[in-house]
């Protein structure tokens with residue numbers, strides 16, 4: 001299964017980010033807590049050289065708590081500021097403004113020595129499609145100032161948002177990168193919905209998710225859907241279709257519909273808290 005999605009608007013968005021980076025003090029990078037490495041755009045490190053960095057593990061409520069903490073420690077060990085948040089429900093949001101100030105304290109001190117006082121921190125909010133940037137900004141600002149949606153590609157252009165006299169945010173469209181060197185990365189991005197479903201083979205994708213869950217979370221699918229334990233991923237989808245009464249016609253089970261149900265349940269956290277990758281030891 002081959003994954004790639006880099007439409008033209010992403011090229012424009014990357015160019016816009018390059019043009020605006022000189023205005024920025026801090027890059028706030030949102031990653032998905034279920035795949036903290038695979039949801040990092042490798043271009044951001046090159047783009048953000050010399051800038052203060054803050055990594056937010058968003059959707060932390062959908063990932064394992066223990067692994068969330070391990071990932072925060074991992075990123076801090078790499079020299080980043082890092083915090084776990086749940087933008088949709090507001091978890092961890094209250095502390096973010098102080099975290100932003102802390103991440104930029106060296107820059108603030110340099111300004112002070114040059115006689116520049118009370119200049120707001122300017123932060124660029126970046127991340128892959130569907131990682132929750134706009135939801136995060138709205139939660140932080142306390143109002144709906146950025147468009148939100150549960151599909152990739154909702155934010156199309158840049159917009160500045162003034163949080164208060166101390167912090168200004170530049171919201172940017174979600175962008176991937178031109179080529180995934182590792183198709184495993186593409187697979188995980190497809191699992192969480194960062195690649196448009198319209199270009200994916202739903203049944204094949206769901207079968208790959210079944211394989212992962214059976215290996216890493218044995219018994220989860222059987223408990224959730226009240227199905228027998230089987231090893232074959234496609235047989236498992238057929239059992240889910242049977243359990244959910246998904247029929248094409250007569251007695252033929254609709255495994256395509258079952259695949260969509262499984263992916264939706266995973267993305268919505270209805271299977272339980274799942275983390276797809278662990279930090280390097």
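In the UniProt record's numbering, the protein residues as written are 1 to 281. Using N, Cα and C, we set each Cβ at its ideal position, and we do this for glycine too. Here the structure is a predicted model, which is why all the values come from computation and not from measurement.
Exposure of residue 94, with buried meaning 16 or more beta-carbon neighbours within 10 Å: As a first step, residue 94 is located in the chain shown; it is residue number 94 there, counting from the start. So residue 94 ends up on the exposed side.
By the DSSP assignment, the alpha helix (DSSP H) with residue 193 in it spans what residues? Within the chain shown, residue 193 is the residue found at index 193, counting from 1. DSSP places residue 193 in no alpha helix (DSSP H); its state is neither H nor E.
Once the 5 residues before and after residue 242 are set aside, which same chain residues still bring their CB inside 8 Å of it? For the purposes of this step, residue 242 is taken as residue 242 along the chain shown, with counting starting at 1. Hits under 8 Å: 227 and 253.
What span of residues does the alpha helix (DSSP H) with residue 138 cover, start to end? Within the chain shown, numbered from 1, the residue matching residue 138 stands at position 138. Looking at the DSSP string, the run of the alpha helix (DSSP H) that includes residue 138 is 133-141.
Could you pull the start and end residues of the alpha helix (DSSP H) that residue 81 belongs to? Locating residue 81 in the chain shown gives position 81, counting from the first residue. Looking at the DSSP string, residue 81 is not in any alpha helix (DSSP H); the run it does join, the beta strand (DSSP E), is 81-84.
Kindly list the residues whose CB is nearer than 7 Å to the CB of residue 47, restricted to its own chain and excluding five residues on each side of it in sequence; keep chain order. The residue labelled residue 47 in the question sits at position 47 within the chain shown. Same-chain partners within the cutoff: 17, 18 and 21.
So is residue 50 buried or exposed if we call it buried at 16+ other beta carbons inside 10 Å? Locating residue 50 in the chain shown gives position 50, where the first residue counts as 1. It counts as exposed.
Return the Cβ separation of residue 196 and residue 38 in integer angstroms, given the expectation that the two are a contact with Cβ distance under 8 Å. In the chain shown, the residue the question calls residue 196 occupies position 196. In the chain shown, the residue the question calls residue 38 occupies position 38. Between residue 196 and residue 38 the beta-carbon gap is near 17 Å, outside 8 Å, which marks them as no contact.
Where does residue 155 land, buried or exposed, given buried means 16+ other C-beta within 10 angstroms? Sequence index remark: in the chain shown, residue 155 carries index 155 (1-based). With a pLDDT of only 45 at residue 155, under 50, the local geometry of the prediction cannot be trusted, and no value is derived from it.
Under a Cβ-count criterion, where at least 16 other Cβ atoms within 10 Å of its own Cβ denotes burial, should residue 172 be classed as buried or exposed? Reading the chain shown from its first residue, position 172 is the one you call residue 172. That one is buried.
Excluding sequence positions up to five away, which residues of its chain have a Cβ less than 6 Å from the Cβ of residue 276? Numbered from its first residue, the chain shown carries residue 276 at position 276. Only 34, 35 and 188 meet the Cβ criterion.
Considering residue 126, what are the terminal residues of the beta strand (DSSP E) in which it resides? Within the chain shown, numbered from 1, the residue matching residue 126 stands at position 126. First-last of the beta strand (DSSP E) with residue 126: 121-127.
Own chain partners of residue 218 with C-beta closer than 8 Å, once the 5 adjacent residues on each side are dropped: The sequence position of residue 218 within the chain shown is 218, counting from 1. Within the same chain, residue 218 has no close Cβ partners at all.
Residue range of the beta strand (DSSP E) that residue 181 falls in? Against the chain shown, residue 181 aligns to sequence position 181. No beta strand (DSSP E) contains residue 181, which DSSP labels as neither H nor E.
Can you tell me the Cα-Cα spacing of residue 137 and residue 130, whole angstroms? What you label residue 137 is simply residue 137 of the chain shown in a count that begins at 1. What you label residue 130 is simply residue 130 of the chain shown in a count that begins at 1. Those two C-alpha atoms are separated by around 13 Å.
Ordered along the chain, which non-local residues of its own chain (more than five positions away) have a Cβ less than 7 Å from that of residue 139? For the purposes of this step, residue 139 is taken as the residue at position 139 of the chain shown. Cβ within range, chain order: 87, 90 and 93.
Roughly how many angstroms separate the alpha carbons of residue 286 and residue 169, rounded to a whole number? As displayed, the chain neither begins before 1 nor continues past 281, which places residue 286 out of reach and without an answer.
In three-state DSSP terms, what is residue 33? Within the chain shown, numbered from 1, the residue matching residue 33 stands at position 33. When DSSP states are grouped into helix, strand and coil, residue 33 belongs to the coil group.
Do you know offhand how far residue 250's Cα is from residue 240's? Taking the chain shown and counting its residues from 1, the one referred to as residue 250 is at position 250. Taking the chain shown and counting its residues from 1, the one referred to as residue 240 is at position 240. CA-to-CA, the gap between residue 250 and residue 240 works out to about 17 Å.
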